[in-house]
Amino acid sequence: MPTKIGIPRALSYYAYYPFWKTFFESLGHETVTSPLTTKHVLDNGIKEAVTDACVPIKLFHGHVCDLKEKSDFLFVPRFVSVCRERKVTFCPKFLGLPDMIKTSISGLPPLLDVRIDLKKGWAELFKVCVCLGKRLDNNLMEISRALNRGIKAQKRYEKLLLREFTPVEAIAMLEGNKEFVQNRDTRLKFALLGFPYTVYDKFINVDIINKLKKMGVKIFTTEMVPPKILLSQAKKVPKNLFWYFSNQVLRAALYYIDHVKVDGIIHITAFGCGPDAMVDKMIELEAKHRGPVPFMSITIDEHTGEAGLITRLEAFVDMLLLRSEMT
Ligand code: SF4
-4 MPTKIGIPRA
6 LSYYAYYPFW
16 KTFFESLGHE
26 TVTSPLTTKH
36 VLDNGIKEAV
46 TDACVPIKLF
56 HGHVCDLKEK
66 SDFLFVPRFV
76 SVCRERKVTF
86 CPKFLGLPDM
96 IKTSISGLPP
106 LLDVRIDLKK
116 GWAELFKVCV
126 CLGKRLDNNL
136 MEISRALNRG
146 IKAQKRYEKL
156 LLREFTPVEA
166 IAMLEGNKEF
176 VQNRDTRLKF
186 ALLGFPYTVY
196 DKFINVDIIN
206 KLKKMGVKIF
216 TTEMVPPKIL
226 LSQAKKVPKN
236 LFWYFSNQVL
246 RAALYYIDHV
256 KVDGIIHITA
266 FGCGPDAMVD
276 KMIELEAKHR
286 GPVPFMSITI
296 DEHTGEAGLI
306 TRLEAFVDML
316 LLRSEMT
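Residue 232 in my numbering is what sits at position 237 of the sequence shown, and the numbering runs on without skipping anything.
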């Protein structure tokens, strides 16, 4: 029987799932992913996580609960950094994630809680993979082959994201399940910014992407900007932020304001998120001074209601349509 590795569909899932799935499966193991977020998953997360955690962390707990009976190992890495920029790391909750999970949830299978700190160079990824492979009884040759396959899968995935597919669509396409067609008939262009786990988890953001698409809005997200272009935006702000995803979001905002001339920016923030409190204000100010580009902030938490969100989106879209008709 192959070893079953549980991969929660939350947090880093939306950024790196194709790499890890391919890596573990190339080693000969089976991967099990938790389902799309539901109210049940969220309720479990709220029950198990510390009360002052942000909703993405609560969701991660809920996804772990779903997997704990179905997996031999749970993949809960400690993401420290994935870039070479000095002093840039993931937020403290990512750093403490394996500890949080171990202390909050009982009856867990063993955790694969490797520390991922690529600031030390790409050789570090090899070391991380060796550490994981040895724990799963694989040899060095198998690990090297799986690493290469993982990198190729991740590259294919990132190319699909650049072609404006969402992670959900890109993953389905990589798995050969479905082809998606982009809607070209749009009336407005919006940058929809936020961390990948807030923008793409359609339960927690009440399916904002599809709601906007139905209103005739073309969506641009952080993941649709090539990494080199994102990095080149860093010089427009006096100082880097400390957090990796926050820098990506702010740089995407700068790019979309200056180069794509979007009609509006919507920033999805998580209630209780320290980094977001700063990024949200910075995007608002940059949108005002560089554009001005109309800006709307949407804060999500476990009580986010669909009706209120639809009203705000409709008002924002109507105002911008009116504006475009008048100019
Ligand atoms: S960056 Fe914010 S939303 Fe993301 S895990 Fe950290 S506190 Fe939560």
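We treat Cβ as the ideally placed atom computed from N, Cα and C, and that holds for glycine.
Source: prediction; values computed, not measured.
Exercise for review: Pull up the distance between the alpha-carbon of residue 242 and that of residue 38, whole angstroms please.
Suggested key: 31 Å
Review point. The alpha helix (DSSP H) spanning residue 286 covers which residue range?
Key: Careful: residue 286 lies outside any alpha helix (DSSP H) and carries neither H nor E.
Point to revise | Ranges of the alpha helix (DSSP H) found wholly within the region 65 to 129, counting only runs of at least 4 | key: 87 to 90 and 92 to 99
Practice item. Look at the Cβ atom of residue 203, then the Cβ atom of residue 260, and state whether they are nearer than 8 Å. Key: no
Exercise for review: Quick one: give me the first and last residue of the beta strand (DSSP E) that residue 213 is part of.
Suggested key: 212 to 215
Practice item. Take residue 106 as the anchor and find which of -3, 3 and 317 has the nearest alpha-carbon. Key: 3
Review point. CA-CA distance, residue 181 and residue 311?
Key: 15 Å
Review point. Near residue 191, which residues of its chain fall below 7 Å by C-beta distance, leaving aside the five closest residues on each side in sequence?
Key: 9, 10, 162 and 218
Exercise for review: Could you say if the region 300 to 315 and the region 267 to 277 meet the contact criterion of at least three C-beta pairs nearer than 8 Å?
Suggested key: no
Point to revise | Cβ-heavy atom distance, residue 52 to the ligand SF4, below 7 Å | key: yes
**Study point:** Cβ shell of residue 221 (< 7 Å), same chain only, five flanking positions each side left out
**Key:** 157
Exercise for review: Quick one: measure Cβ to Cβ for residue 0 and residue 27, integer angstroms, because I've assumed they're closer than 8 Å.
Suggested key: 7 Å
Practice item. Determine which residues share a DSSP beta bridge with residue 25 and list them. Key: -1
Check your understanding: Just how far apart, CA to CA, sit residue 65 and residue 25?
Key -> 11 Å
Exercise for review: Could you tell me which residues DSSP pairs with residue 14 in its beta bridges?
Suggested key: For residue 14, which the question treats as bridged, DSSP gives no partner whatsoever.
**Study point:** Unbroken alpha helix (DSSP H) run spanning residue 306, endpoints
**Key:** 301 to 321
Review point. Helix, strand or coil: how does DSSP classify residue 237 here?
Key: coil
Review point. Which word fits residue 266, buried or exposed, when buried means at least 16 other C-beta atoms lie within 10 angstroms of its C-beta?
Key: exposed
Practice item. May I have a chain-ordered list of the alpha helix (DSSP H) segments no shorter than 4 residues that lie completely inside the region 218 to 280? Key: 222 to 227 and 239 to 250
Review point. Got a sec: does the ligand FMN put a non-hydrogen atom nearer than 7 Å to the Cβ of residue 269?
Key: The ligand FMN is absent from the structure shown, which contains only the ligand SF4.
Point to revise | Whether residue 216 touches residue 245 by CB criterion (8 Å) | key: no
Check your understanding: Where residue 291 and residue 99 are concerned, what is the direct C-alpha to C-alpha distance, given to the nearest angstrom?
Key -> 35 Å
Exercise for review: Kindly list the residues whose CB is nearer than 7 Å to the CB of residue 20, restricted to its own chain and excluding five residues on each side of it in sequence; keep chain order.
Suggested key: 26
Check your understanding: Got a sec: does the ligand SF4 put a non-hydrogen atom nearer than 7 Å to the Cβ of residue 198?
Key -> no
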